[in-house]
Every structure is written in C-alpha cells, then in structure tokens.
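The numbering used here numbers the first residue of the sequence shown as -5 and each following residue consecutively. Every residue, glycine too, gets a C-beta built ideally from N, C-alpha and C. To keep things clear, I will list the structure first and then write my remarks on it.
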Amino acid sequence: MKVKTIMADLERKHPGESEYLQAVQEVLESIEEVYNCHPEFEKAKIVERMVEPDRIFTFRVTWVDDRGEIQTNIGYRIQFNSAIGPYKGGIRFHKAVNVSMLKFLGFEQTFKNALTTLPMGGAKGGSDFDPVGKSDAEIMRFCQAFMWELWNNIGPDTDVPAGDVGVGGREIGYMYGMYKKLAREYNTGVLTGKGMNWGGSLIRPEATGFGALYFVEHMLAKAGKSIKGATVAISGFGNVAWGAATKATELGAKVIAISGPDGVVYNPEGMTQEKLDYMLTLRASNQNIVAPFATKFPDATFIPGKKAWSIKCDIALPCAFQNELNGDDAAELLANGTWCAAEVSNMGCTPEAIAAFQSAGILFAPGKAVNAGGVATSGLEMTQNAMHISWSAAEVDSKLHYIMESIHAACVKYGTQPDGYVNYVKGANIAGFMKVAQAMLEQGIV
Ligand code: 2IT
C-alpha cells in the first residue's frame, strides 16, 4: 500500500471532504509500515474497502418551529463498518454537520470501537439542525421528525445510535419515544445514553470524561508523573467537558479553564461541586455561551474571543470539536510549559498541532483512545439491556477502568518507539486497525 496513491484516489472520488480525508490520512500513515508486512491484507484490498462506508442514508427532516414556520434540515446515518459487531456510534446535531464530518467520525468510530474490547462496528449520524436558541418543544419536534425517517434502519442488533455534540439525554429520550411509537418495538437496546429509569446505564453520562481521565492517569503513571496538583485547561462546557472536569478535580488536579464559542473562562481557584453542576445548567440552556459562568462565580474571569489554550496549564484537554487546537495553539501551550495533551473530543487537534506536541516530546494521546470510554460504556449499556438487568455505578465504573487500562496497554504495545517514546497515535491506530482488518479478512469478500 502506498498512502499517497490511496489518498490521491480518495481526493478524486470525494473532493472537498476535508475532515474525512484528514482522518483517513492520519490512520493510513500510522499503519503503512505494519500493513506492508501483511501481504494477505494487501491481496484482500483491506484498506481500499475499509475507507469507504458500508452505506450512507441521507434524508430530509421537516418540522414546524414555535412560530408555526416550516423548517427543513438534512439528516444522515452512516453505517461505516460492521466487521466486529453491529453498527454503533453517536448522532451529532450541529449547524456545520455534513457528509465529510460524519464520514470522518464514522471512520474514527470504527477503530475506537475496536479498541474498547467490545463487539461493536462503527457508525455516525446527525443533522445540520442547530440546537442553539431552540425551545424544548422545538427540540422535541425535530427529534421526532428525525426518528420518523431513521427508525427503519436501526435496531438493537443492527445499528445503535447514541449522543454526540448537541445530542444528550433529553434528545435521546425524544428519539426513543418516537422509535417505539413507529417500530412497535420496546427493546431498550436500540439507543444508548437513555435515562436511568428506562434502560440507561449508571455512569454513561460521565463515562467519556471519566474514561479520558483514567487514560490520562495511566499515561502519566507510565511517564512517572502524577495528576495531583496539575493545572488543567479544558475546552467546551458540555457533557464531555463536565465529566472530564469532575474526574480531574476528584483526582486532585485544578481545572483552571473551560471555554465556549464566545471565549474562555479563567478559573484560577479550580472547580467546586457548585461550579461543576452549573456547567450542566449552562449546557441545558441551549445558548452555547460560557460567559455566564464568570458572572455567577466572581473568582472566575471571562476573556472574550480567546481559546482555552491561551491559559498557562500543565495538561490540555480539548473536549469540544474537531480541529479546535491548531498549530499556533500548540506552540502557545508548549511555550507556556504544557507537558501533556489528550484529545477528549474526536480529532480535537490538527495534524500540525499533533506534530508539534510529538516533536517536543510531550505526552500526547488521540481521541479514539482517550475518549473511547463513552462508547465503551454505551456497549455496557447494551449488555445490561440485553440481559434485562442494571449494574451498580461501582460495577460499571470498574469495567470502564479496566477497558481504559486495556486501551492504554494496547497503545503502548503498538506505539512504543525504539527510543522509548510512546507514540499513542500510532499505537491506537495500529491496535484498532489490526482487529478490524483481521475480522474483514476472515469474513471474505463482502
Ligand atoms: O464519539 C463517540 O464515541 C460518541 N459520541 C459516543 C458514541 C456512542 O455510541 O456512545
């Protein structure tokens, strides 16, 4: 396999799909060497097959807003790869959603799910619906209209959607209600991230952030460092940022920044329970601004237009959106002494930022390893649904711990360089790839 040739072919077939092409290129560059030691993969054209989604559903979603006006959005579900299990992955509602974004997310999800140790294939879906400023009733009507189109293509053993940016417990509830009405199926396993009284799993809301911090703990321990007393800058203030801030604080770190599209909140005293709770209130307000945090807590300061990466910190945790930390941000962080960066968002760093962190020799780990605790706990939710039982929070948390430890070990196994530096990007990509590739090979030409 020649990465250049495959990329040129993909660029020709999918012009302008920049996020998708970026995600594919990163994986192919990481696996090239290992792949070329496996002529059986080359012969079965594994890479050429793996980079294309199995299928893409695109549909019109029409709904009525509070003023009585008719609105039309586009909905998507991308079933990317089913080699190791039913399709699994979140749904994103954001005004910038398009095919390229969801193909990148579905591609990443395939390898991430492979890393979790659970039998889940990769998928992603979403819509260009913008939840900002929408009322609860509008969100409900949109979710119902979205599910009206999607329901026939999903199912507990087929494709199991969950939340992502713009989709949390409230949206999953509305979609689940409509699914039942249309499908006349009452199997809770069709969606994950459900409410605790109707099939949800304890720890699922926290899982992405908690899992990320468990991963960071392992990464730090391997490097002989500790999170206790470290300063942490977090971007975003939604569910993932909340989980990360909560666990980081519990482990003795000081979360000194959270951010939104409007700017950064500098929070030198760190988090309290009240502040952590308020992050959820802010998210639920649908305004997508972080500034009110500094009004409510006067020990914090709002700096408009700035990113979290402008705050001096030991550990940087992107928790919001793809490519939210670029080469200039990385340079600023490095100049300020940051010694660890871990993507909690999917593809949170640009290739330039990753290269800067790696050439500076600081600890860096990619989203598909760091944030895999979210989907892993979705997998645990599916298991509980299939068994018709619920596990205690402690039981789910200990399984999540074990999974994050295994993912870390897999990254170290495949990513340790001769000089001892662990290239977590390479490690995660190779470990995820090998599992999916082997499964595809064994299942023949389909
Ligand atoms: O990016 C992700 O891994 C998620 N949004 C969670 C997907 C899931 O199925 O729980």
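| Item | Value |
| --- | --- |
| Buried or exposed by the 16-neighbour rule on C-beta atoms within 10 Å, applied to V126 | exposed |
| 6 Å CB neighbourhood of P150 in its chain, flanking five on each side removed | N181, G183 and V184 |
| Own chain partners of F351 with C-beta closer than 7 Å, once the 5 adjacent residues on each side are dropped | A324, A335 and F358 |
| Check whether H395 and Y208 have beta carbons under 8 Å apart | yes |
| Cβ-heavy atom distance, S372 to the ligand 2IT, below 7 Å | yes |
| Spatial distance of K240 from F204 (CA atoms) | A small fix is needed here, since residue 240 is Thr in this sequence, not Lys. About 8 Å. |
| Heavy atom of the ligand 2IT within 7 Å of Q73 beta-carbon | no |
| Cβ-based burial, D158 [other Cβ within 10 Å; buried from 16] | buried |
| F440 versus G62: straight-line alpha-carbon distance, rounded | The amino acid at residue 440 is misidentified as Phe; the sequence shows Val. Distance between the alpha carbons of V440 and G62: 47 Å. |
| For N233, three-class secondary structure by DSSP | helix |
| Cβ-based burial, W192 [other Cβ within 10 Å; buried from 16] | exposed |
| Cβ-heavy atom distance, G368 to the ligand 2IT, below 7 Å | yes |
| N365 Cβ short of 7 Å to the ligand 2IT heavy atom set | yes |
| Which listed residue (V259, W385, K39 and V364) has its alpha carbon closest to that of T202 | V364 |
| Start and end residues, alpha helix (DSSP H) containing W142 | D130 to L144 |
| T202 in three-state terms, based on DSSP | helix |
| Contact test: A17 Cβ vs the ligand 2IT heavy atom, cutoff 7 Å | no |
| Nearest-angstrom Cβ-Cβ length linking G160 and R86, presumed shorter than 8 Å | 6 Å |
| R71 - DSSP class collapsed to helix/strand/coil | strand |
| G163, enclosing alpha helix (DSSP H) - first and last residue | G163 to A177 |
| Which of helix, strand or coil DSSP assigns to C334 | strand |
| Assigned secondary structure, Y528 (DSSP; H/G/I helix, E/B strand, else coil) | With the chain covering only -5 through 440, there is no way to say anything about residue 528. |
| Rounded separation between A177 and I221 - CA only | 48 Å |
| Validate contact between the segment 420 to 435 and the segment 368 to 387 using beta carbons, cut 8 Å, 3 pairs | no |
| Sub-8 Å separation of F101 and R71 beta-carbons | no |
| Inter-residue Cα distance where the pair is T243 and E165 | 28 Å |
| heavy atom of the ligand 2IT below 7 Å from S335 C-beta | According to the sequence provided, residue 335 is Ala. The question's Ser does not apply to it. Outside the cutoff, so no. |
| Distance cut-off 7 Å: K407 Cβ against heavy atoms of the ligand 2IT | no |
| Rounded straight-line distance, which links the Cα of Y408 to that of N30 | 15 Å |
| R54, buried or exposed, once every other Cβ within 10 Å from all chains shown has been counted against 16 | exposed |
| Among A349, M341, S279 and N147, the one whose alpha carbon lies nearest that of M95 | M341 |
| Beta strand (DSSP E) segments (min. 3 residues) lying fully within the segment 17 to 62 | 49 to 58 |
| V58 burial status per 10 Å Cβ neighbour count (16 or more: buried) | exposed |
| Length of the line joining the Cα atoms of T332 and Q437 | 45 Å |
| Expected contact under 8 Å - CB spacing of S372 and T186 to nearest Å | 4 Å |
| K188: CB within 7 Å of a non-hydrogen atom of the ligand 2IT | no |
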